[in-house]
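K.L.:
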Amino acid sequence: MISFLITIVVFLLMEGVTWLTHKYVMHGLMWYFHADHHQPKYEHVFERNDIFFVIFAIPSIVLFYYGSQGGFNYLFFIGLGITIYGFCYFMIHDVLIHQRFKWFKNTKNKYLIGLRKAHKVHHKHLGKEDGECFGMLFVPFKYYKM
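For the sequence shown, the positions run 1 to 146 when UniProt numbering is used.
Take a look at the structure:
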């Protein structure tokens, strides 16, 4: 039971980590890697922005390794929470919103439509300044009503 709770709490906390990282790192110090993601058209299959998937995967891999070496202790489940969040982020951001993979083109789900609207508001800013809606899975309720 405790392992399940650790996984869920870490998953929920990752939204805060994502928000902070997106606002202060991606739109700050590491803008070089994120800038191509804010351009209207992608020229290549991969973007420089994809480096952030690798950056977030490294702690998960390390936590999985040490958590499994310790008899599947709490470290493993922290890594699992990060990984599950990463999978959800990928499905929402890359598949549903940006349609990098054409798996879910049409949805009538109000939550998913709200996520798309909030992300479009984020992308209306092509530069690193004046951004808004830095989260991914939890966005302001006003976007569900628009």
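Glycine residues also receive a C-beta, built at the ideal position from the N, C-alpha and C atoms.
1) Anyone know if the C-beta pair for Gly79 and Phe64 falls short of 7 angstroms?
2) Is it buried or exposed for Val45, if we count other Cβ within 10 angstroms and need 16 for buried?
3) If the criterion is Cβ atoms closer than 7 angstroms, does the pair Ser60 and Ile82 meet it?
4) What residue from Val121, Ser3, Ile55 and Leu96 has the CA that sits closest to Pro140's CA?
5) Please check the pair residue 150 and Glu15, which I expect to be a contact at CB under 8 angstroms, by giving their CB distance rounded to whole angstroms.
6) Given a cut-off of 7 angstroms, decide if His27 and Asn49 are closer than it, judged by their beta-carbon atoms.
7) Classify Thr107 as buried or exposed, calling it buried when 16 or more other Cβ atoms lie within 10 Å of its own Cβ.
8) Going by CA-CA distance only, name the one from Asp36, Trp103, Ile84 and Val54 that's closest to Lys128.
9) Looking only at its own chain, which residues have a Cβ that is under 7 angstroms from the Cβ of Phe4, when we skip the five neighbours before and after it?
10) Tell whether a beta-carbon distance below 7 angstroms holds between Phe134 and His38.
P.N.:
Reading off the structure:
1) The Cβ atoms of Gly79 and Phe64 lie closer than 7 angstroms to each other.
2) exposed
3) yes
4) Val121
5) Residue 150 is absent from the structure shown; the chain starts at 1 and stops at 146.
6) no
7) exposed
8) Asp36
9) Within the same chain, Phe4 has no close Cβ partners at all.
10) No, the Cβ-Cβ distance between Phe134 and His38 is not below 7 angstroms.
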